[in-house]
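Heads up: the sequence shown at position 100 corresponds to 100 in full-length UniProt numbering, and the numbers run straight through without jumps. See structure below.
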Amino acid sequence: MGHKDKDKRKRRHEREHDNERRKKKKQRKHHEHNSLSSDSDKDDRFDQRLNALREEKKRKKKKEKEKKKEMETSEEKKPDAEKESSFTFDDEAKYTNTNNPFNDPNLTSTFIWTKKLAAEGKAELSLKQIEKMNRDRTLKNLAEMEELKRNREARDAAREDLEMIKRDEERRHNSDWYATEEGFLLSQAKLRTQIRLKEGRAKPIDFLARYISCDNEKIENMKDEEFELVDPVTYLRGLKIRDLEDLLEDIKVYRRVDPTDNSIWWTDFCTVVRHEIRKLSNDVNSTYARESVHNSVQSDITKLFKVCFAFSQSSTTL
1 MGHKDKDKRK
11 RRHEREHDNE
21 RRKKKKQRKH
31 HEHNSLSSDS
41 DKDDRFDQRL
51 NALREEKKRK
61 KKKEKEKKKE
71 METSEEKKPD
81 AEKESSFTFD
91 DEAKYTNTNN
101 PFNDPNLTST
111 FIWTKKLAAE
121 GKAELSLKQI
131 EKMNRDRTLK
141 NLAEMEELKR
151 NREARDAARE
161 DLEMIKRDEE
171 RRHNSDWYAT
181 EEGFLLSQAK
191 LRTQIRLKEG
201 RAKPIDFLAR
211 YISCDNEKIE
221 NMKDEEFELV
231 DPVTYLRGLK
241 IRDLEDLLED
251 IKVYRRVDPT
261 DNSIWWTDFC
271 TVVRHEIRKL
281 SNDVNSTYAR
291 ESVHNSVQSD
301 ITKLFKVCFA
311 FSQSSTTL
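Here you go:
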């Protein structure tokens, strides 16, 4: 009985070990399948992106070609008759055995390199066979040239694809960098605002930035400071036209470094500032007009007083 129990336990342990091994093997296959599927998904996404870049490049080339064609004049669209006639003349003016600049009486006949043919063991070939061999060699060379041309075009296309991918990556990288830069500029602008407010030399833009930051976030280093929340138009009181123009420039800086948040509020406040500038300009113009009228009247009154004084003096003497 002891041996039988021992054998049963051994067989059960072997079965459990085999099951565990099969389970691990199955998990390993599943993991490999998932990794292969993820790699294939990445390749598919890369191919889709590459095809999209190629289509975009084709569209740009087609658009440029159509634009260039539209810009052509009627003179450029007409066939160049003189050029065609010159090509026809070149085709008709072929050299002959009696008329050629080389003084070769056998110019039009097939050249036979007898020593080379003898060295290659082809000295017994007929003229037709030699001509056929030359034609085959020429066709083979042309086919090789076409193959080289296709390979060069394929290399150029692959190079352009890589350049497009590189430009796209640089564009995405630069967009992230620009976003980081704008965030840094915004934090610096807020820090300058805090410093000026703390030192008591705040500008109107600092009060406005503090006003609009109350609803969005807590300003650092100002948690213990309290200030009265007033109408932001109050900060425009006593400002001159030059100060209001400087405030508009400061608002432009805030809108540039923080284009998404509070853009509507800044736009509305710019409208208010421009209205104040127009109002002050009108006041200055009206004041200048009043002063000019007053000066003219004052000069007339002065002249009148002088005349009256002279008349009174003359009457007294009489």
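Ideal Cβ positions, reconstructed from N, Cα and C, are used throughout, including at glycine.
Excluding the 5 residues flanking it on each side, residue 130 has same chain C-beta neighbours closer than 7 Å at 110 and 112, in chain order.
The C-alpha of residue 205 lies about 55 Å from the C-alpha of residue 156. Only residues of its own chain outside the window of five on either side were considered, and among them 235 have a CB closer than 7 Å to the CB of residue 207, listed in chain order.
Contact check for residue 210 against residue 191 fails: the beta carbons are separated by 8 Å or more. Taking 8 Å as the cut-off, the Cβ atoms of residue 251 and residue 269 count as close. Here residue 158 carries a helix assignment [DSSP, helix/strand/coil]. Here residue 126 carries a coil assignment [DSSP, helix/strand/coil]. In summary, residue 273 is buried, with 16 or more beta-carbon neighbours lying within 10 Å of its beta-carbon over all protein chains present.
Annotated three-state conformation of residue 103 is coil, per DSSP. Inclusion of residue 57 and residue 133 in the CB contact set at 8 Å is not warranted, their separation being larger than that value.
Within a 10 Å sphere around the beta-carbon of residue 254 sit 16 or more other beta-carbons, which makes this residue buried. A buried status is given to residue 277, since no fewer than 16 other beta-carbon atoms sit within 10 Å of its beta-carbon. Taking the C-beta atoms as reference points, residue 103 is found no nearer than 8 Å to residue 97.
Residue environment: residue 143 is assigned as exposed (fewer than 16 neighbouring CB atoms within 10 Å of its CB, all protein chains considered).
Contact between residue 117 and residue 125 holds, since their C-beta atoms are separated by about 7 Å, short of 8 Å. Within a 10 Å sphere around the beta-carbon of residue 193 sit 16 or more other beta-carbons, which makes this residue buried. Taking C-beta atoms as the reference points, residue 262 and residue 212 count as a pair closer than 8 Å. In the three-state DSSP reduction, residue 98 falls in the coil class, being neither helix nor strand. Here the alpha carbon of residue 147 sits roughly 18 Å from the alpha carbon of residue 135. For residue 212, the enclosing alpha helix (DSSP H) begins and ends at 204 to 213. Residue 50 places its beta carbon 8 Å or farther from that of residue 168.
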